Each structure stands twice: as C-alpha cells, then as structure tokens.
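There are 2 protein chains.
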Amino acid sequence: RLNQSPKRVQSGNSLSSTCDTLGFLQKNNSLEERGKLSGSKNLLSCDNSDRDARYRHNETDFSNLFARDLLPAKNGEEPTIQFLLELVDILTNYVKKTFDRSTKVLDFHHPHQLLEGMEGFNLELSDQPESLEQILVDCRDTLKYGVRTGHPRFFNQLSTGLDIIGLAGEWLTSTANTNMFTYEIAPVFVLMEQLTLKKMREMIGWPNGEGDGLFSPGGAISNMYSVMIARYKYFPEVKTKGMSAAPRLVLFTSEHVRQTPTHTCWNSLSLHLSHYSIKKAGAALGFGTENVILLSTDERGRVIPADLEAKIIDAKQKGCVPLFVNATGGSTVYGAFDPINEIADICEKYNLWANSVTWNPHKMMGVPLQCSAILVRDKGILAGCNSMCAGYLFQPDKQYDVTYDTGDKAIQCGRHVDIFKFWLMWKAKGTIGFEQHIDKCLDLSQYLYNKIKNREGYEMVFNGEPQHTNVCFWYLPQSLRGMPDGDERREKLHRVAPKIKAMMMESGTTMVGYQPQGNKVNFFRMVISNPAATQSDIDFLIDEIERLGHDL
Amino acid sequence: RLNQSPKRVQSGNSLSSTCDTLGFLQKNNSLEERGKLSGSKNLLSCDNSDRDARYRHNETDFSNLFARDLLPAKNGEEPTIQFLLELVDILTNYVKKTFDRSTKVLDFHHPHQLLEGMEGFNLELSDQPESLEQILVDCRDTLKYGVRTGHPRFFNQLSTGLDIIGLAGEWLTSTANTNMFTYEIAPVFVLMEQLTLKKMREMIGWPNGEGDGLFSPGGAISNMYSVMIARYKYFPEVKTKGMSAAPRLVLFTSEHVRQTPTHTCWNSLSLHLSHYSIKKAGAALGFGTENVILLSTDERGRVIPADLEAKIIDAKQKGCVPLFVNATGGSTVYGAFDPINEIADICEKYNLWANSVTWNPHKMMGVPLQCSAILVRDKGILAGCNSMCAGYLFQPDKQYDVTYDTGDKAIQCGRHVDIFKFWLMWKAKGTIGFEQHIDKCLDLSQYLYNKIKNREGYEMVFNGEPQHTNVCFWYLPQSLRGMPDGDERREKLHRVAPKIKAMMMESGTTMVGYQPQGNKVNFFRMVISNPAATQSDIDFLIDEIERLGHDL
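Chains A and B, in that order, are what the protein sequence lines are. Counting with my numbering, you get residues 22 to 573 for the letters of the first sequence. Counting with my numbering, you get residues 22 to 573 for the letters of the second sequence.
Below you can see the structure in the form of structure tokens.
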C-alpha cells in the first residue's frame with residue numbers, strides 16, 4: 022500500500038514531525054490530506070520559526086536511509102542521532118497531546134479495520150526492510166491508533182497517567198539494556214533494587230526493614246511467588262518431590278472478583294490480593310482451582326474474618342491443610358480494605374502463612390508498567406525456594422561479593438530492569454510526593470461520590486463513602502427511572518453501562534470501566550489514579566454519561 | 022552529600038550535557054574536576070558552536086525545578102519538554118560512547134563502594150524531593166557506573182548489542198504506557214502481537230502459521246508455559262484438582278547446564294531449552310526437581326536420543342508417566358543443537374508432548390530485553406490452560422470482537438508491551454536483516470575458532486567447529502604450558518579464567534563469560550551476538566586475554 026505513494030508518505034512525515042502546533046496527531050486526516058497540507062511551504066516555515074531552537078532539524082532525508090545505516094554502521098553516528106531526535110519529536114508531541122483536553126482519549130477502530138490497513142498503516146511484516154522514513158510513519162501511526170492512557174479523562178484502569186520522571190526512567194532503562202540477574206552486568210540497578218526493597222519493607226513496618234524481596238513482572242507473578250514461598254516454608258520437600266509430597270493444601274481468597282484480569286492495590290500495596298491471580302497461581306502451581314476457597318464478603322466487599330475461620334476449620338475437618346490467605350488492601354472493584362490484622366491473627370492461630378506482601382507501584386503510585394514487588398519477612402526464603410544451585414553453580418571465584426546476584430531468587434532467568442524508573446520517581450518526588458498524589462486521588466473520588474450520591478439518575482452500588490478511590494454506581498436513563506425493580510429493569514439496566522461505554526469509545530471522549538459483581542448487574546467502576554485528572558474531568562465524565570445515556 | 026556542593030554538581034551537569042566531544046562520560050573525574058572544567062567558559066562555548074542546531078539548549082535552570090513542575094502541572098509543558106530533551110542528550114551521548122572503542126566497557130566498583138556513594142551519587146531514597154538537576158545528574162551517574170552491554174567488546178552474554186530501532190521501539194512503548202490484556206486499551210499492540218506470532222509459527226513450519234502463542238517476560242516463563250500446556254493437554258483435571266489428580270509425571274532435559282541462569286537459543290529460537298529453567302518450572306509447578314530427569318549428551322553437548330528413549334522406558338517401568346522433553350537449538354554453553362527431529366519422533370512414539378516452541382528474540386536477534394515468545398501448535402490451548410473464565414467473566418457486551426483480548430491466555434494479569442520493539446525491528450530490517458545479522462555473528466565465531474584452534478596457549482573444550490556462535494576454550498598461561506595433566510594442572514587451570522576475567526573487569530576493557538562444565542574446569546565461553554563486533558574486536562579480546570594472563 023505504501024509503496025504506491027512514497028512521495029505522499031514522505032510529505033506527511035516531514036509535516037507531522039515539524040508542525041506540532043497543527044494538531045496533526047489527533048486529526049483523522051488521510052494521506053491525501055497530508056499531501057495537501059505539506060504542499061503549503063509557507064505554513065511549514067512559518068510554524069517552524071515559532072519553535073524552540075532545539076526543535077530545528079537537519080533536513081535529514083530518511084527515505085533513503087535504512088536500519089543498516091545506523092550505528093554500528095560506519096558513519097552511522099549522524100543518522101542515528103537524527104533518527105532518535107526525530108523519534109523524540111514524535112514522542113514529545115504525543116506527550117503534549119496526552120495532557121491536552123482538546124484531544125481525544127482514543128480514535129477507536131475495530132480489529133478488522135486496523136488489520137485491513139488504515140491509510141497506509143500496514144501491520145504485516147515482510148522479508149525486505151522498510152526505510153527509516155516509513156519506520157517513523159509507523160511510529161506515528163502506532164501512537165495515533167492507540168489509547169492515550171495518560172489523558173486526564175482516561176479512567177479505565179488503575180494503571181493510568183503518564184509520569185514524566187517514570188517515562189525518563191524507562192527511556193534510560195532501555196538505553197542501558199541490561200539484565201538484573203547478576204551484579205556483574207547490572208551493578209547500579211541491583212543495588213537500587215536492594216535499597217528500594219528495604220525502604221518498602223520499612224514502610225510496611227517490618228523491623229529495620231529486614232527480609233527479602235524481588236521485583237517481578239506484575240502482581241500476578243508476585244502473588245505466585247507468595248504462594249510458592251508459603252508452600253516452601255511449610256512443605257520444603259515439594260521443591261524436590263512435587264506436590265505428592267504434601268497433603269491436600271488449600272488457599273483462601275476473597276469472592277470479590279474483577280471482570281477483566283486486573284490486580285489491585287492499597288496505596289499500590291496489597292497483601293496478596295485479587296482472587297483472580299490466586300486462582301491462576303493455584304492452577305499453575307499444582308494446587309488446583311478447587312482448592313482455592315472463596316471467602317464471603319460484607320456489603321462493602323471486605324472479607325469477613327469469621328467466614329475465614331469457619332472455612333479453615335471446615336477444610337481441616339475434611340482432611341485438607343489450610344496454607345495461605347490472600348487479603349487485599351484496596352480491592353479491584355469496590356476498593357475494599359480487607360481487615361488485614363484480624364485475618365493475620367487468624368493465620369497465626371491456625372498456623373497459616375502471613376509473612377509476605379505484594380506491592381504494585383505501577384498502580385496507585387503511577388509508575389509505568391511493569392513494576393511490582395514481592396516482599397517477604399523471612400530472609401533467604403526466596404533463594405531457598407527458587408534456587409537450583411548445587412555447589413557447582415556457585416561462583417566463589419568471582420571477584421565481587423556474589424550475594425548481590427539475584428538470579429537464584431527468581432523463577433525467571435533473565436529479568437527486566439523494573440527498578441530504575443521507580444527509584445528515579447522516588448528520588449524526584451520524595452515519599453511525600455507519592456503521598457500527595459494519592460491524597461489528591463482520594464479527594465477527587467470523594468468529590469465524585471459527593472456529586473452523584475444524591476443526583477437524579479444515579480444509584481450507588483454500595484452505601485457509604487468509598488474506602489479507596491473506587492466509586493461504583495449505576496446510571497439510570499430517563500426510561501428506567503420510574504420502573505419498579507424486577508427482572509425487566511435489571512435486564513435493561515445491565516445493558517446501559519456497556520452501551521454508554523461503547524459510545525464513549527466511539528466518540529473517543531473518555532473511558533471508564535464497568536462490570537457486574539455477584540448478583541449486581543453491570544455498573545460503572547470509576548477509579549482515580551491519574552495525576553492529570555481534576556474536578557473538571559470528573560464533571561466531564563458525568564456530563565458525558567448523561568449526554569450519551571439520557572435517552573437510552 | 023550532594024547538598025554540600027550544589028554549585029559544583031550544577032556545573033558538572035551543565036558541562037556534560039553540552040560537551041559531548043570532551044569524552045566526559047567515560048572519564049572518572051571527580052566533582053572537583055567537573056567544577057574546574059566547567060569554569061572554562063571558552064571551552065564550553067567553543068564546543069557548543071560545533072554542534073548541530075538541534076543540540077542547542079535553552080539554558081533551563083533545573084536546579085529550581087522539581088517533578089511537580091512538570092506536566093500535568095500548569096505551565097508544565099515547557100519544563101517537561103526541556104527536561105526530556107536534556108535527558109535525551111544524556112542518552113544519545115551514551116549511545117555514541119557505547120559504540121566508541123576508545124571508551125571502556127565498564128567502570129568497575131565493588132558493591133560496598135557504590136553503596137557508600139560515589140562522588141555524590143547517593144542511592145538512598147528520601148522523604149523530600151530532589152531537584153530535576155539532581156535527577157539528571159543521577160541519570161548520568163547511573164549510566165556512568167553501569168555496564169555498556171552494547172559496546173563492541175562486551176561478549177559476556179548472548180543478550181548483547183544496542184539496536185537503535187529496538188531502542189526507538191522501547192522509547193515509544195514506554196511513552197504509550199499501556200497493557201496487553203485487552204484490545205480495548207492496546208488495540209495496535211495486540212494486533213501486532215497476533216500477526217508477529219503467526220509469522221513466527223510460519224517460520225517454524227506449522228501449516229499456515231496456525232496455532233497459539235503469547236509473549237512472556239522471558240524464556241524461563243515461556244518454558245514454564247510449555248510445561249503447563251503439556252500437563253493441561255494430557256491431564257486437564259490438574260487445573261481444577263491439582264497434581265494429586267495426575268500420576269507421577271516426569272520431565273526430561275539436557276544435563277548441560279549453564280553457570281549463571283541464562284536461557285539459550287537457536288537463531289534465538291529454542292525448543293524449550295535449558296535444563297535450568299525446566300528445573301525451576303518443575304519445582305514451581307509442583308512436579309518436583311527429582312522428577313526432572315537429565316539426559317546424557319555427546320562430546321559436543323547434544324542430547325543422545327537413545328539415552329532419552331532408555332530413560333523414558335525406565336521411567337515407565339518405575340510407574341512414572343513421561344510427559345515432556347526439552348530440546349534445545351543452540352545450547353547455552355556449547356551452542357549445541359539437540360537432534361530435534363529424532364527427539365520429536367521419540368516423543369511421538371511414546372506419546373509425549375512435542376508441540377511447542379520457546380523463541381527468544383532478545384537473544385541472537387538482538388531485540389532489547391525482555392522479548393520472549395511461547396508458540397504452540399494447538400489453537401486455544403493457552404486459554405484452556407490459563408483462563409479462569411466462568412461465563413460471568415466473559416464480556417459479550419463489549420462492542421468489539423473480544424476474542425482479541427489476551428488476558429485469559431496469560432498467567433499474568435497486567436502484561437508489558439514487549440511486541441512493539443520487535444515488530445518495529447522486523448519492519449526496519451526485514452527477515453533478511455535478521456538473517457544477515459546472524460550470519461555475520463556465525464562468521465565471526467568461525468574467525469575466532471580458526472584463530473585460536475592451533476594457537477599456542479589455547480585448548481579447545483570440544484573438538485570440531487562450533488555449531489553456533491559459542492566458542493569454548495582454555496587459555497594456558499606460560500607457567501601451565503609444559504605441565505603434565507593431573508590434579509595440580511587442573512586446579513591451576515581452574516583459577517585462570519576467573520583471574521583473567523576479574524582483571525578484565527577491573528581494567529574495563531572487555532567482558533567474556535567463563536564456567537566449568539561437568540568434569541571440565543573453568544573455561545572461557547565466548548558468544549557473539551553483538552552487531553557492533555568485528556574481527557578487530559575478536560583480535561582485541563585474544564590480545565587482552567594474553568596480556569592479562571600470560572604471566573599468571
């Protein structure tokens with residue numbers, strides 16, 4: 022497709038890389054339009070003159086340059102730098118647009134539309150290389166057809182926002198391109214991880230921050246670690262002999278489950294939360310999902326400690342061995358805080374595991390994905406559980422202290438550097454910066470709650486103020502407001518949130534999640550973690566729900 | 022520490038961000054030196070004038086700016102862009118230095134030295150925020166004390182090199198900051214993953230590229246998926262009932278093991294390779310490491326099919342059920358290619374799993390970490406194995422085709438976007454570009470092999486040409502050359518490679534791995550995957566080994 026019109030693509034490229042004030046990115050303009058616009062030389066040079074000197078480009082012609090012309094190629098330095106700066110132009114324009122409320126959150130297309138190729142954006146891979154110009158066009162198109170998760174009106178998940186320091190951290194991490202498994206090849210990152218984990222353990226309240234820990238590729242994997250550690254603590258022979266060496270083990274977690282597989286957090290901290298990931302861990306690790314027992318919750322979605330105790334006793338009577346309880350600080354749907362101390366007391370009473378925490382800085386703390394830590398009170402247990410080290414694997418002949426190597430603790434071999442962006446954000450904001458951010462999000466959710474709790478057309482999913490930033494509510498179109506409760510109303514109401522969400526996405530103005538829960542039909546689940554969001558964005562969301570949903 | 026000399030840090034900062042021709046980064050200069058240098062105004066302006074217009078900076082004073090002044094702050098756009106461009110200056114300077122043979126591969130320090138704080142580089146986190154100037158200094162120091170894994174003389178692992186297109190892909194990925202679990206929030210990336218996986222399956226040779234697959238956070242996790250899938254295929258009830266629902270299952274993998282936990286590849290492709298990760302999977306998934314049976318290898322490190330068959334028969338006689346064989350294309354140490362077709366025939370004969378492939382583009386294909394795929398011939402089996410979806414989890418009320426959502430296939434909940442950098446590299450290089458890169462690496466290893474096979478002071482670890490880019494050899498210092506074989510010679514030889522490696526790291530000139538294997542004492546394992554490496558770098562490595570080791 023592109024080969025048919027290389028000239029126009031070239032024009033489009035040079036236009037969009039220099040005319041950021043034209044709002045190019047969010048316009049759904051075709052190649053033809055790009056061609057027309059770029060014909061206007063005066064416009065271009067005029068726009069150019071307004072710009073910071075840093076933005077001035079060498080007029081590098083990328084149409085005759087290829088990946089093979091970049092470093093390490095001979096004379097590759099100049100095209101390499103020009104290419105990266107051109108890309109940075111695209112990215113910084115995207116960053117600016119992300120925070121600009123006059124732009125859309127997304128430009129929705131169905132899978133088949135994108136697969137058919139949008140205006141020259143061809144996803145298919147080929148045997149032959151494309152020019153760097155085409156690569157830059159592909160980068161621009163990738164962003165154009167994506168979702169601006171940092172947009173002030175993107176509320177779809179708890180991982181929202183685009184933190185500039187975190188972004189800088191990721192750019193540096195990928196430039197350093199190394200691996201966490203030994204100090205030898207990641208000295209600085211390995212130490213940053215160690216210090217940060219200690220700081221996190223101190224904040225949890227473990228004496229002197231002692232214990233163990235590791236960053237893992239997401240909350241589900243951190244939770245999987247926690248189950249493995251618990252099993253290793255009580256039945257270490259499972260490591261060598263398998264699950265047949267243990268009695269029938271059972272795990273407990275909340276009945277509250279989220280529609281899409283998302284991990285939750287309490288100030289981005291969680292004590293092995295989320296039934297979904299515990300069930301996945303139960304299946305993977307050989308426990309079986311039937312041995313993951315769901316705990317009843319109160320009307321606010323909190324685990325009922327008495328139910329836990331009854332189910333522990335019941336499991337023991339059936340000959341099972343209760344091993345592990347998953348409690349959550351800030352559940353996914355309701356934002357509920359399970360009564361962690363009471364649960365811990367019960368764990369202690371019945372000798373269940375209660376000594377680890379999953380903490381996901383990529384949730385409420387706004388760290389870019391992926392950033393999740395498993396923290397354990399017992400020092401050395403991660404390596405005990407996961408090391409495959411016979412003596413011959415230990416390299417005492419290395420010249421540095423190899424206890425800093427982390428490979429033995431992990432179930433991964435190579436491990437991505439997830440620590441740097443988080444460390445850098447912590448340096449840049451301080452602990453108080455994270456605190457202020459979370460307080461602001463809590464204030465905004467309070468604002469939303471106060472705004473709609475008595476507003477016509479709204480019903481809250483549970484009574485009382487939210488425990489976290491989650492606000493769960495139904496919106497009732499005019500046609501449903503007088504209708505008596507019953508199957509018809511339920512069925513109609515169940516379809517309202519999906520319809521509004523679909524229209525939101527089509528119009529690209531905002532995004533918010535919905536789901537059913539237990540016997541409750543589809544409701545909106547609003548979560549606020551985006552540092553760009555303000556009261557005006559909350560107002561906008563409510564206006565938009567009413568605009569789209571009023572006449573349903 | 023830094024608070025004592027803010028002025029000097031500031032000077033250092035502005036110097037290194039503008040004077041890239043001074044070779045600032047690789048100089049081990051102290052803050053005092055930075056201060057002196059930056060005092061020379063003429064030098065600075067002179068240097069500045071040589072530079073591309075793009076490099077000219079607004080003289081933004083970052084010492085009074087903080088993270089809170091960046092977007093989404095009011096008037097945050099200008100400092101945000103200036104901050105990101107300042108960072109990009111640091112990063113592009115690092116990129117240039119990475120490919121510059123006059124710079125060191127690393128500036129080695131012991132853990133305690135870095136922990137004590139190097140010249141104001143303080144790793145500790147605090148409650149209060151640091152200025153953006155300090156953040157930029159921290160970024161520069163992080164790179165300064167790290168390891169240049171893209172340096173032409175970095176040969177330490179198979180993941181080496183700094184691919185500029187891959188780097189661009191990572192920068193864009195982190196700017197887009199989204200999550201692979203639904204099409205809704207990652208439409209473009211989800212489709213790129215789907216198309217790329219299909220292309221990979223076509224290259225493996227599966228009819229029409231049909232099947233299933235997923236990118237995962239590394240080869241060990243991909244291998245873990247493969248074991249889970251095999252178990253699900255033969256004993257699906259394990260998912261719900263746990264391992265007690267299955268007989269005693271055994272897994273097979275090569276006895277060849279690598280010292281440090283690294284995953285291997287064949288043209289970055291591997292059929293569930295690496296004993297290390299299979300053992301880890303065996304422990305984690307509840308099989309037990311004793312049920313991971315090691316297969317004997319020939320003198321070239323290849324699994325012996327007859328040994329596999331004998332061990333399968335033996336396991337069956339003991340009442341076990343052989344489930345899974347891990348064969349490797351390009352083993353970690355010797356670069357051996359297991360006889361995959363013969364192994365597959367035996368699997369078919371005895372009804373073992375042989376329908377999945379782990380392919381790690383972050384190895385020989387040079388894609389930045391992390392980039393690993395699990396590919397399966399059976400369509401739908403990943404979701405069957407990992408989905409926790411009861412009917413109520415399925416959202417048929419979404420407006421798009423939800424079969425594109427990938428959350429149900431994964432053991433993760435959130436999943437990092439690993440596809441884009443790989444897709445972009447494939448676009449930019451074409452299939453032929455990857456082919457040429459791998460051929461070049463094979464040529465270089467051939468060059469090394471030819472250079473040392475008959476050279477005085479060298480002994481090859483195995484006879485014959487390497488099957489892959491791995492060249493394994495002993496270097497004998499003068500003092501060992503006449504010595505008869507025996508314990509004394511073995512003990513001395515065992516210490517040679519570690520000593521040379523330590524000196525290499527101290528001098529920072531090059532890095533290459535070593536390890537023992539079976540009854541063979543420590544030898545150098547050279548692997549070539551770095552696109553920047555040339556024959557002159559191979560020559561340099563050999564010269565360096567001889568310079569450092571000759572008189573040991």
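Ideal placement from N, C-alpha and C gives every residue a C-beta, glycine not left out. Treat the numbers as computed from the prediction; the structure is a model and nothing was measured.
Proximal chain A residues relative to residue i, where beta-carbon distance stays under 9 Å
i, result
"G309(B)", "E258, V259, K260, T261, K262, G263, M264, S265, A266"
"L193(B)", "L108, I111, L112, Y115, C160, T163, L164"
Exposure of residue i, with buried meaning 16 or more beta-carbon neighbours within 10 Å
i, result
"K339(B)", "exposed"
"R174(A)", "buried"
"K442(B)", "buried"
"S237(A)", "buried"
"G401(A)", "exposed"
"G240(B)", "buried"
"Q426(B)", "According to the sequence provided, residue 426(B) is Asp. The question's Gln does not apply to it. By the 10 Å Cβ count, D426(B) comes out buried."
"N229(B)", "exposed"
"N177(B)", "buried"
"M504(A)", "exposed"
"L58(B)", "Only weak support exists for where L58(B) lies, its pLDDT of 36 falling under 50; the coordinates are left without a value."
"T424(A)", "exposed"
"E154(B)", "buried"
Rounded straight-line distance, which links the Cα of residue j to that of residue i
i, j, result
"I13(B)", "G263(A)", "Since the first and last residues shown for chain B are 22 and 573, residue 13(B) lies out of range."
"G309(A)", "T531(A)", "40 Å"
"G232(B)", "E369(B)", "19 Å"
"S550(B)", "N475(B)", "24 Å"
"T196(B)", "I156(B)", "19 Å"
"G534(B)", "F561(B)", "16 Å"
"T555(B)", "K165(B)", "25 Å"
"L235(A)", "P498(A)", "48 Å"
8 Å Cβ cut-off: residues of chain A touching residue i
i, result
"M526(B)", "E205, Q420"
"L562(B)", "By Cβ distance, chain A contributes nothing, its closest Cβ being about 17 Å from L562(B), past 8 Å."
"E145(B)", "L216"
"Q556(B)", "Here the premise fails: no neighbours, minimum Cβ distance about 14 Å."
Proximal residues of chain A, C-beta to C-beta of residue i below 7 Å
i, result
"A577(B)", "The question about residue 577(B) has no answer here: the residues shown for chain B are numbered 22 through 573."
"S298(B)", "C434"
"E98(B)", "K117"
"E231(B)", "Correct list: empty, because the minimum Cβ distance to chain A is about 16 Å."
Neighbour list for residue i in chain B, Cβ cutoff strictly below 7 Å
i, result
"K450(A)", "A88, P150"
"N312(A)", "G263"
"K301(A)", "N407, M409, I432"
7 Å Cβ shell around residue i - same chain, five flanking residues per side excluded
i, result
"K513(A)", "L501"
"M524(A)", "L569"
"K520(B)", "L573"
"L469(A)", "V492, M547, I559"
8 Å CB neighbourhood of residue i in its chain, flanking five on each side removed
i, result
"L591(B)", "Nothing about residue 591(B) can be read from this structure; chain B reaches only from 22 to 573."
"C341(B)", "P268, R269, L270, V271, N312"
"L108(B)", "L157, C160"
Proximal residues of chain B, C-beta to C-beta of residue i below 8 Å
i, result
"Y371(A)", "Ordered by position in chain B, no residue passes the 8 Å Cβ test against Y371(A), which lies about 21 Å from the chain."
"A189(A)", "F104, L105, L108, I156, C160"
"E140(A)", "The premise fails here: E140(A) is roughly 14 Å from chain B at the closest Cβ pair, so nothing lies under 8 Å."
"H131(A)", "Y421, D422"
Residue i: contacting residues in chain B (beta-carbon distance under 9 Å)
i, result
"E276(A)", "Result: empty, since nearest Cβ-Cβ is about 12 Å, beyond 9 Å."
"S377(A)", "Result: empty, since nearest Cβ-Cβ is about 16 Å, beyond 9 Å."
Residues near residue i by beta carbon distance below 6 Å, same chain, minus five either side
i, result
"C576(B)", "Summary: the structure shown does not reach residue 576(B), with chain B confined to residues 22 through 573, and so no result is reported for it."
"G322(B)", "H277, S352, Y355, A357"
"L127(A)", "V168, G529"
Mind pulling the alpha helix (DSSP H) runs of 4 or more residues that sit fully within the region 481-537 of chain B? Within the region 481-537 of chain B, the alpha helix (DSSP H) runs of at least 4 residues that lie entirely inside it are, in chain order, 508-528.
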